[in-house]
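I have placed the structure first, in the form of structure tokens, so that the comments after it can refer back to it.
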Amino acid sequence: MPSETVGTEANPGTLSAVAGLIGLDAPSFLFLLTLLSCYPLCYVSRTYLHGQAQTIKHVYFTLCGLTLASLNFGYDIVHSMISLLVNYILLVTVGGSQFSVALSFAFNMGYLLIAYIVVSTDGYDVNWTTPHCILTLRMIGTAFDLYDGHRDESKLSAEQKELNIKTTPTLLEMCGHTYFPGGFFAGPQFPMRRYLDFTAEKLLDNDEGRLPDCVMPAFNRLGAAALYALLECVLAPIYSNEFLLSEEFAEGACIMSGLAYNGKDEKGNAVWDACASVKPWKLETSTHTAEYIRSFNLTTNTWVSRLEIVLGSVIFFAMDVAREGACIMSGLAYNGKDEKGNAVWDACASVKPWKLETSTHTAEYIRSFNLTTNTWVSRYVFKRLKFLNNRYISQTAAVMFLAVWHGMYIGYYICFGLEIFVTTTEAFVQDAVKRYPPLAKLVNNPALKFPIFAYLKFNVSLFVGYPLVSFVLLRWRRIRLVYSAVYHIPTLVVVGFPFLYQFAILPRLKKLERAAKKAAEEPQDVQNGETDKSK
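To convert, take the position in the sequence shown, counting from 1, and add 32; that gives our numbering.
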């Protein structure tokens, strides 16, 4: 989360020098090393603590997490301790009641938002609020699960029956759940029930009590994370976020819109330099000051291709996959077996890389990353609002909760708000295709499968990337520059289309459907009679 960068306790001079070689600052580099160190730590717990008492495991995870946290955040680890202690007291005193859930929500979200306000800067930094936002959801979820454990079981959903806890966790259990190294620093989210089953060795891929066979699956995820990180290292210097704020980006938007058309040259070729900001050849060969000043023009025809890559979240996917691998290494991620009897290790998956890279719809794309966080929001926010009997209100409330949880910057609210309109627009377009047979026939034509896939993939990249502009740039003064460069056209499309569809397109489609249905239900004998008359 965006917050004030703080000095690291681990030899900042040396870290800064090494971090600079790979384009990172010292806190980010130390944070990366911390995520990687979770692999050997989780291997130790998997290999040498197997069969040991749960208490030993709780102590081990607590000490590992606290040590790594102190290396990263110094004395600021006191904030996680305060939160842990307050939540424990809350559960011991009023746990299992609706009041405890409300108090947990108020305290944890209040503490987090105050922290954002106090330590926030102008961009993204790594400090103690980074793991604290993860801790916030974990504590609220535990309060909910204890509340479910005290409710009438007949009123619980299947998921709530599986995850509820009947008794208040001990302080040591809460410490282990909080500071588990594979989940404390950047997620993933996992409930207290899973953690307790894990330490009790109920999450094994065999019935003999042997060590879980999870080492190779963990390294497979680490390899996938390394691939994403490599892509980030290659692409980041070329396609930086700063490009969005450049004159080159704005000029490219002018060219795409047609505004940059400037007539034709003597050979009859179209000239697109009406919005140009730099002329490189003239700039580099100018021999007079006035000529040099007049040469700040630059032609760009790479705007669309760059837009997709600039807005990619490659490094976030790399971190998600890496921390998932640590959970697999420990055995925490065991999720039963597939139909072939092979162990499945996706209980802590945050990203589904194949689904992410091949998705052709925005809703499908969004559902393929941030999985554990999205599951948490669905479980403890969206589904808890079922009493409203309105799916759209519940969905909007869940999305806005996500925005608040991320921080106080306007960019988060614009991003998640636009995402709602993007997915709604897409759903209406799909509905229109189904209702209009000629379009449905065209889309299902095998000969057009690849061109349609390519178009949909480009469309997903564009309309997922567009809201992420505000997520990346955070401040309106920066966001405005980018959206103004494209004349807010994507915003107008995704916000306006749902209303256009409901009040203009859908009535017309329904009219066509009624006409087609009436024609299909026309008595066969009437048709035959008309045929005889024509003869």
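Cβ atoms here follow ideal geometry from the backbone N, Cα and C, with glycine treated the same way.
| Query | Result |
| --- | --- |
| As assigned by DSSP and simplified to three states, the class of Ala-218 | coil |
| Expected contact under 8 Å - CB spacing of Met-224 and Thr-168 to nearest Å | About 15 Å; that fails the 8 Å criterion. |
| Straight-line gap, Leu-122 to Tyr-143 (C-alpha atoms, nearest Å) | 15 Å |
| CA-to-CA distance, Asn-159 to Gln-534, given in whole angstroms | 46 Å |
| Cβ neighbours of Lys-418 in the same chain (closer than 8 Å, five flanking residues each side left out) | Ser-426 |
| Cα-Cα separation between Gly-344 and Ala-547, rounded to whole angstroms | Low per-residue confidence applies at Gly-344: pLDDT is 46, beneath 50, and the placement is therefore not dependable, though the value from the model is reported in the following sentence. Their backbone Cα atoms lie some 46 Å apart in a straight line. |
| Spatial neighbours of Glu-185 in its chain, beta-carbon cut-off 7 Å, leaving aside the 5 residues before and after | Lys-193 |
| Burial state of Asn-422 (16 or more Cβ within 10 Å) | exposed |
| Which of helix, strand or coil DSSP assigns to Val-76 | helix |
| Validate contact between the stretch 242–260 and the stretch 394–408 using beta carbons, cut 8 Å, 3 pairs | no |
| Per-residue DSSP class, three states only, for Val-514 | helix |
| Asn-477 classed as buried or exposed, judged by whether at least 16 other C-beta atoms fall within 10 angstroms | exposed |
| For Leu-195 and Val-342, the rounded distance between their alpha carbons | Low local confidence applies: a pLDDT of 43 at Val-342 is under 50, so the model's placement there is unreliable, and no value is given. |
| Environment of Asp-352 [buried if 16+ CB atoms lie within 10 Å] | buried |
| Minimum C-alpha distance to Ala-379 - residue among Asn-104, Val-151, Leu-236, Tyr-148 | Leu-236 |
| Given 8 Å, three or more beta-carbon pairs between the stretch 117–134 and the stretch 148–155 | no |
| Minimum C-alpha distance to Leu-81 - residue among Gly-363, Phe-222, Lys-473, Tyr-468 | Gly-363 |
| Cutoff 6 Å; reference Lys-198; Cβ partners in own chain excluding five residues on either side | Gly-181 |
| Proximal residues to Thr-94 (C-beta, below 7 Å), its chain only, five neighbours per side dropped | Cys-207, Gly-208, Tyr-211 |
| Cutoff 8 Å; reference Phe-485; Cβ partners in own chain excluding five residues on either side | Thr-392 |
| Phe-414 - DSSP class collapsed to helix/strand/coil | helix |
| Unbroken alpha helix (DSSP H) run spanning Val-158, endpoints | Run containing Val-158: none; DSSP gives neither H nor E here. |
| Simplified DSSP assignment, three categories, for Ala-379 | coil |
| Span separating the alpha-carbon of Thr-46 from that of Leu-64 | 15 Å |
| Three-way DSSP call (helix, strand, coil) for Phe-433 in this model | helix |
| Expected contact under 8 Å - CB spacing of Tyr-445 and Leu-506 to nearest Å | Not quite, the Cβ-Cβ distance comes to about 11 Å (not below 8 Å), so this is no contact. |
| Every unbroken alpha helix (DSSP H) within the stretch 438–523, with a cutoff of 4 residues, ordered by chain | 442–467, 469–475, 481–505, 508–517 |
| Inter-residue Cα distance where the pair is Glu-233 and Val-475 | 50 Å |
| Rounded C-alpha distance that separates Glu-205 from Leu-228 | 8 Å |
| Short CB-CB distance (under 9 Å) between Pro-470 and chain D | Reference to chain D is not applicable here, since this structure consists of a single protein chain. |
| Cβ-based neighbour list, Val-501, same chain, cut-off 6 Å, excluding 5 preceding and 5 following | Val-514 |
| Beta-carbon gap between Leu-172 and Gly-215 smaller than 9 Å | At residue 172 the sequence reads Ile, which differs from the Leu that was named. Against a cut-off of 9 Å, the Cβ pair of Gly-215 and Ile-172 comes out as no contact. |
| Other residues of its chain near Lys-369: CB distance less than 7 Å, five sequence neighbours each side excluded | Ala-375, Val-376 |
| Burial state of Gly-528, where buried means 16 or more other Cβ atoms lie within 10 Å | exposed |
| Through-space distance from Pro-163 to Asn-406, alpha-carbon basis | 17 Å |
| Cβ-based neighbour list, Leu-574, same chain, cut-off 7 Å, excluding 5 preceding and 5 following | As displayed, the chain neither begins before 33 nor continues past 567, which places residue 574 out of reach and without an answer. |
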